[in-house]
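Participant: If you want our numbering, it's the position in the sequence shown, counting the first as 1, plus 332.
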Amino acid sequence: MSDDGCAKQSKGSGLAGYLPDRHTFSNSITAYLFCTTGPLAILVAAGQAGGLSESDMSSWIFGGYGIAGLITLWICWRYRQPLVIAWTIPGALLLPPALSHLSFAEVIGAYWVTGIVIAILGWSGLIGRVMRAIPMPIVMGMVAGVFLPLGIQVITAFTDNAFLAGATLFIFLLFTLVPALGRYIPPVLAAIIAGGITAWAIGAMTPIPETTQIFARPTLYIPSFSIQAMLELVIPLMVTVLGIQNAQGIAILKNAGYEAPVKTITTTTGWGSILLALTGSVPACLTGPVNGIIVSGGDPKKHWIGAMIVGLLMIVFALFAPLATAFALALPLSLIGLIGGLAMMRVLQTTFQTAFRGECPLGALVSFVVSVAGVPIFNIGAPFWGLVFAVITSWLLERDSLRRLMNPNNS
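(1) Quick one: residues in its chain with C-beta nearer than 6 Å to the C-beta of residue 552, no 5 flanking neighbours on either side, listed in chain order?
(2) Cα-Cα, which of 501, 499, 659 and 619 is closest to residue 575?
(3) Measuring straight from C-alpha to C-alpha, what distance separates residue 590 and residue 633?
(4) From residue 698 to residue 577, what distance separates their C-alpha atoms?
(5) Of the choices 708, 725 and 674, whose alpha-carbon is the least far from that of residue 481?
(6) Would you list the residues sitting across from residue 419 in a DSSP beta bridge?
(7) Considering Cα atoms alone, identify which of 615, 586 and 681 is closest to residue 599.
(8) Terminal residues of the continuous alpha helix (DSSP H) containing residue 529?
(9) According to DSSP, simplified to helix, strand and coil, what is residue 765?
(10) If you follow the alpha helix (DSSP H) that residue 429 is in, where does it begin and where does it stop?
(11) Please check the pair residue 605 and residue 437, which I expect to be a contact at CB under 8 Å, by giving their CB distance rounded to whole angstroms.
(12) Going by beta carbon distance, what residues of the same chain come within less than 6 Å of residue 530, once the five residues before and after it are set aside?
(13) Does the Cβ of residue 705 have 16 or more other Cβ atoms within 10 Å, making it buried, or fewer, making it exposed?
(14) Evaluate the contact criterion for the region 371 to 382 versus the region 403 to 417: three or more CB pairs, one atom per stretch, below 8 Å.
(15) Anyone know if the C-beta pair for residue 569 and residue 442 falls short of 8 Å?
(16) For the candidate residues 649, 478 and 582, whose alpha-carbon lies nearest to that of residue 623?
(17) Given residue 391, which residues of its chain have a CB within under 7 Å of its CB, disregarding the five upstream and five downstream residues?
(18) Helix, strand or coil for residue 625 per DSSP?
(19) Taking 8 Å as the cut-off, does the region 687 to 694 touch the region 466 to 482 (at least 3 CB pairs, one atom from each stretch)?
(20) Between residue 356 and residue 630, how many whole angstroms is the CB-CB distance? I'm expecting something under 8 Å.
(21) Under 8 Å, do residue 739 and residue 426 count as touching if we go by C-beta distance?
(22) If you count every other CB in all the chains shown that lies within 10 Å of the CB of residue 387, and 16 or more means buried, which is it?
(23) Could you pull the DSSP bridge partners for residue 712 from this structure?
(24) Going residue by residue through the region 656 to 688, where are the continuous alpha helix (DSSP H) segments of at least 4 residues, counting only ones entirely within it?
(25) Among the residues of its own chain, which have a CB less than 8 Å from the CB of residue 709, if the five just before and after it don't count?
(26) Using the Cβ count rule (16 or more neighbours within 10 Å means buried), how would you classify residue 504?
(27) Should residue 703 be labelled buried (16 or more other beta-carbon atoms within 10 Å of its own) or exposed?
(28) Return yes when the Cβ of residue 626 is within less than 8 Å of the Cβ of residue 363, no when it is not.
(29) Going by beta-carbon coordinates alone, are residue 384 and residue 560 separated by less than 8 Å?
(30) Need the endpoints of the alpha helix (DSSP H) that residue 568 sits in, please.
(31) Comparing C-alpha positions only, which one of 394, 695 and 359 sits nearest to residue 654?
(32) Looking only at C-alpha atoms, which of 410, 367, 354 and 373 sits nearest to residue 596?
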């Protein structure tokens with residue numbers, strides 16, 4: 333199969349082919365709320381820790397969501413697949429320590445170089461060989477380790493506000509167990525509505541400040557290239573985008589039955605990283621959790637439309653970044669975590685099944701445990717090391733099983 337043509341999905345017939353079903357729409361709303369709440373909090377925390385100004389963070393929000401939303405619309409339309417592009421969260425966590433001794437312009441210069449190298453890897457086709465060489469059970473063990481904390485939030489939400497979490501979970505279970513209700517309103521969408529109404533009724537929503545600005549005012553940044561910034565940031569950022577974020581997203585799509593265009597995804601996140609860097613944002617990547625939520629239910633032929641809905645909402649969010657941020661943060665983070673966890677349950681189930689029911693179960697377990705631990709080494713995130721240690725473990729202790737995975741035609 334070629335990277336460009338064979339990955340495309342059916343367009344559907346007439347206008348109905350471009351309208352999402354209820355489940356796809358509800359998953360899109362959940363995915364949007366997920367990517368504009370928890371990740372936004374990480375963005376703000378990283379920016380504050382790195383000493384960025386409010387205008388710097390507002391510009392980052394504009395690029396990280398608005399430009400990424402435009403890229404999402406383009407790539408989803410071209411391939412008819414759920415390919416949401418956003419900014420890398422692990423990459424953002426590299427920012428505070430780097431800004432303790434580097435200027436923001438030097439960091440942005442590293443973003444540029446990272447994007448150029450990633451684009452070259454995608455254009456050359458080398459990234460496809462690398463992705464095919466990583467055994468799927470080991471990759472899915474890593475994905476399960478990364479997503480497990482999202483599933484756990486279904487439980488931890490009760491420690492923040494037991495009544496709010498209980499009411500939301502009750503409505504989700506009700507609409508799940510009573511098919512007649514679920515046919516009219518999907519369980520996740522019902523949970524969002526119930527959670528929002530409950531949060532408002534009990535006063536759990538944060539008031540929006542009257543001084544909140546309405547429209548975003550992005551800044552264009554001139555990069556500065558320094559050897560120190562290149563040595564410190566480029567390789568960790570490349571590993572973050574290619575070995576952690578893109579690997580997660582591609583594995584999730586493959587597990588959902590999609591033949592993801594790896595070459596184009598890599599190239600797109602490369603030049604997309606340069607565009608995002610213009611506004612001060614960390615590099616672009618294919619999202620794992622957001623795409624995982626989208627493919628967790630609904631008509632598979634409409635998943636790409638659900639991803640485009642997320643892209644459109646990201647653009648709106650970016651245009652009204654200060655106001656949208658205030659609204660998004662008005663909802664309790666525990667509520668968004670709970671809803672995201674509920675939406676991710678099916679994804680978690682399939683990742684565990686893929687990881688542990690076939691070849692290289694020990695390698696998959698190592699990948700899972702290291703990823704769950706979340707301990708970075710040399711400023712490189714734990715999911716990458718989960719893959720590395722898992723492959724080494726399988727090579728040492730499950731060599732025949734690993735060989736069958738790597739050479740299925742010769743087994």
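Glycine included, each C-beta is placed from N, C-alpha and C at the ideal position.
Facilitator: Considering the structure as presented:
(1) Indexing the sequence shown from 1 puts residue 552 at position 220. Result list for residue 552: 610, in chain order.
(2) Walking along the sequence shown from the start, residue 575 turns up at place 243. Nearest of 501, 499, 659 and 619 to residue 575, Cα basis: 619.
(3) On the sequence shown, residue 590 is found 258 positions in, with the first residue counted as 1. On the sequence shown, residue 633 is found 301 positions in, with the first residue counted as 1. Cα-Cα distance, rounded: 11 Å.
(4) For this step, residue 698 is matched to residue 366 along the sequence shown. For this step, residue 577 is matched to residue 245 along the sequence shown. Approximately 19 Å, taken between the alpha carbons.
(5) Numbered from its first residue, the sequence shown carries residue 481 at position 149. For residue 481, the nearest C-alpha among the options comes from 674.
(6) As a first step, residue 419 must be located in the sequence shown, where it is residue number 87. Residue 419 pairs with 616.
(7) Your numbering for residue 599 matches position 267 in the sequence shown. Nearest of 615, 586 and 681 to residue 599, Cα basis: 615.
(8) As a first step, residue 529 is located in the sequence shown; it is residue number 197 there, counting from the start. Here the alpha helix (DSSP H) through residue 529 covers 519 to 533.
(9) Here the chain covers residues 333 to 743 and nothing more, so residue 765 does not appear.
(10) Position 97 of the sequence shown, counted from the start, is the residue given in the question as residue 429. Where residue 429 is concerned, the enclosing alpha helix (DSSP H) stretches over 427 to 431.
(11) Reading the sequence shown from its first residue, position 273 is the one you call residue 605. Reading the sequence shown from its first residue, position 105 is the one you call residue 437. With 8 Å as the limit, residue 605 and residue 437 do not qualify as a contact, their Cβ atoms being about 16 Å apart.
(12) Locating residue 530 in the sequence shown gives position 198, counting from the first residue. So the list reads 496 and 499, once near-sequence residues are dropped.
(13) Mapped onto the sequence shown, residue 705 falls at position 373. Counting Cβ neighbours within 10 Å, residue 705 comes out exposed, since fewer than 16 surround it.
(14) no
(15) Within the sequence shown, the letter at position 237 stands for residue 569. Within the sequence shown, the letter at position 110 stands for residue 442. Their beta carbons are under 8 Å apart, which means residue 569 touches residue 442 by this criterion.
(16) Position 291 of the sequence shown, counting from 1, holds the residue named residue 623. Residue 582 is the option with its Cα nearest to residue 623.
(17) Residue 391 sits at position 59 when you count from the first residue of the sequence shown. Within the same chain, residue 391 has close Cβ partners 550, 551, 611 and 612.
(18) Within the sequence shown, residue 625 is the residue found at index 293, counting from 1. Three-state result, residue 625: helix.
(19) yes
(20) As a working note, residue 356 is residue 24 in the sequence shown. As a working note, residue 630 is residue 298 in the sequence shown. Yes, they are in contact, since the Cβ atoms of residue 356 and residue 630 sit about 3 Å apart, within 8 Å.
(21) On the sequence shown, residue 739 is found 407 positions in, with the first residue counted as 1. On the sequence shown, residue 426 is found 94 positions in, with the first residue counted as 1. Cβ distance not < 8 Å, so residue 739 and residue 426 don't count as in contact.
(22) For the purposes of this step, residue 387 is identified with residue 55 of the sequence shown, where counting begins at 1. By the 10 Å Cβ count, residue 387 comes out exposed.
(23) The residue given as residue 712 occupies position 380 in the sequence shown. Answer is 709.
(24) Whole alpha helix (DSSP H) segments, 4+ residues: 665 to 688.
(25) In the sequence shown, the residue the question calls residue 709 occupies position 377. Within the same chain, residue 709 has close Cβ partners 717.
(26) One-based indexing of the sequence shown puts residue 504 at position 172. Buried is the call here.
(27) Numbered from 1 along the sequence shown, position 371 holds the residue referred to as residue 703. Buried: at least 16 other Cβ atoms inside 10 Å.
(28) Reading the sequence shown from its first residue, position 31 is the one you call residue 363. Reading the sequence shown from its first residue, position 294 is the one you call residue 626. In this structure, the beta-carbon distance from residue 363 to residue 626 falls below 8 Å.
(29) In the sequence shown, the residue the question calls residue 384 occupies position 52. In the sequence shown, the residue the question calls residue 560 occupies position 228. In this structure, residue 560 does not lie closer than 8 Å to residue 384 by Cβ.
(30) Working through the sequence shown from its first residue, we reach residue 568 at position 236. Per DSSP, residue 568 belongs to the alpha helix (DSSP H) from 567 to 570.
(31) Position 322 of the sequence shown, counting from 1, holds the residue named residue 654. If we check each option's Cα against that of residue 654, 394 comes out closest.
(32) Here residue 596 is taken as the residue at index 264 of the sequence shown, counted from 1. Closest option to residue 596, Cα to Cα, is 410.
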